[in-house]
Amino acid sequence: MHKHAELPLFVEIGEGAVEVVSILVKDLRAENIVMLSGKTSYKIAGKIVEESTNLTYTYILENRDVVRKLIAKLSYGDADCIIAVGGGRIIDSGKLLASELNVPLVTVPTTASHDGMASPVASFRNGEVFSIFTKPPSAVVADTSIISRSPSRLTRAGFGDLVSNITAVKDWKLSKEIDPTDYSEIAASIAYMPAKMAIEKTPTVEDLVRGLVMSGVAMSIAGSSRPASGAEHKFSHSLDILGIGRALHGEQVGIGTIIMEYFHEVT
Numbered sequence: 004m005h006k007h008a009e010l011p012l013f014v015e016i017g018e019g020a021v022e023v024v025s026i027l028v029k030d031l032r033a034e035n036i037v038m039l040s041g042k043t044s045y046k047i048a049g050k051i052v053e054e055s056t057n058l059t060y061t062y063i064l065e066n067r068d069v070v071r072k073l074i075a076k077l078s079y080g081d082a083d084c085i086i087a088v089g090g091g092r093i094i095d096s097g098k099l100l101a102s103e104l105n106v107p108l109v110t111v112p113t114t115a116s117h118d119g120m121a122s123p124v125a126s127f128r129n130g131e132v133f134s135i136f137t138k139p140p141s142a143v144v145a146d147t148s149i150i151s152r153s154p155s156r157l158t159r160a161g162f163g164d165l166v167s168n169i170t171a172v173k174d175w176k177l178s179k180e181i182d183p184t185d186y187s188e189i190a191a192s193i194a195y196m197p198a199k200m201a202i203e204k205t206p207t208v209e210d211l212v213r214g215l216v217m218s219g220v221a222m223s224i225a226g227s228s229r230p231a232s233g234a235e236h237k238f239s240h241s242l243d244i245l246g247i248g249r250a251l252h253g254e255q256v257g258i259g260t261i262i263m264e265y266f267h268e269v270t
């Protein structure tokens with residue numbers, strides 16, 4: 004049974020939220036701040052953070068090699084806070100770097116394509132997709148005025164990732180028959196409720212982001228990805244391994260959710 008959980012201490016969701024980043028790092032008493040961003044996300048949000056925050060370094064991540072070099076270059080003391088501004092690739096890189104340096108991570112998502120903005124899981128691709136468990140972000144700052152301007156396909160993918168919690172939780176409940184101590188009703192409820200609400204009523208961007216953050220928090224409480232990853236995610240991973248198409252993660256798990264929900268209903 005997982006008995007210790009690290010959770011985001013601060014979550015800000017709404018229009019203009021990016022403006023609180025500078026206040027947040029002061030509260031964290033961070034002096035050596037490293038910001039990670041991408042070319043596009045820097046123009047959209049990273050520049051705002053850079054202009055309002057006394058950053059020590061800014062790195063534009065063009066590929067994973069930059070992260071590997073940073074891990075080798077930076078040591079404890081070189082950075083006491085990481086800010087990751089961007090989509091899933093940037094945020095997952097921030098999780099890895101912050102975990103290696105054992106410093107707080109502030110995520111500033113520019114899209115709402117999946118629940119990585121608040122989760123303790125980082126996914127990478129090296130021929131095939133693999134995931135590692137990391138420290139979760141200490142803070143999540145989601146500016147909906149920025150996220151709402153991202154491509155609609157990414158937002159739809161985020162909806163797919165959120166509703167996948169429905170079958171993930173159902174799968175997790177089945178596992179109680181094998182190991183009752185592996186299941187957490189609290190984590191399951193936190194993951195399931197926003198997913199169910201998204202099905203019943205079309206969510207706003209703010210609703211979607213809040214649901215994805217809750218999904219990440221549920222994983223931290225559970226100490227695993229079980230509240231948000233079941234057979235529908237195995238389906239998505241299989242597509243990745245087989246190299247079928249170029250769909251987004253949320254699109255694939257969304258289709259997987261429909262298939263797995265059918266199996267739950269007929270069995």
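In my numbering, the protein residues as written are 4 to 270.
Ideal placement from N, C-alpha and C gives every residue a C-beta, glycine not left out.
- Message: If you reduce the DSSP assignment to three classes, tell me which class Ile47 lands in.
- Response: helix
- Item | Reduced DSSP category for Ser228 - H, G, I as helix; E, B as strand; rest coil | coil
- Task: Mark Phe238 as exposed unless 16 or more other C-beta atoms lie within 10 angstroms of its C-beta, in which case mark it buried.
- Result: Around the C-beta of Phe238, 16 or more other C-beta atoms lie within 10 Å, and the residue is accordingly described as buried.
- N- and C-terminal bounds of the beta strand (DSSP E) containing Gly145: Note that residue 145 is Ala in the sequence shown, not Gly. 142-146 is the extent of the beta strand (DSSP E) around Ala145.
- Buried or exposed: Lys98, going by 16 or more other Cβ atoms within 10 Å of its Cβ? buried
- Task: State yes or no: is the C-beta of Ser218 within less than 9 Å of the C-beta of Asp118?
- Result: Cβ atoms of Ser218 and Asp118: closer than 9 Å.
- Task: Could you tell me how far apart the beta carbons of Val24 and Ser55 are, in whole angstroms, since I believe they sit closer than 8 Å?
- Result: 7 Å
- Query: DSSP beta-bridge partners for Val111?
  - Reply: Beta-bridge annotation (DSSP): Val111 is paired with Val88.
- Which first and last residues belong to the alpha helix (DSSP H) in which Leu245 is found? 234-245
- Per DSSP, Ala82 forms a beta bridge with which residues? Tyr79.
- Segment limits, beta strand (DSSP E) that includes Gly161: Segment 155-177 is the alpha helix (DSSP H) holding Gly161; no beta strand (DSSP E) there.
- Alpha carbon to alpha carbon, what distance is there between Val269 and Leu100? 44 Å
- Item | Inter-residue spacing [alpha-carbon to alpha-carbon] between Ile181 and Val37 | 44 Å
- Query: Mind checking whether Thr114 and Thr158 have CB atoms under 9 Å apart?
  - Reply: yes
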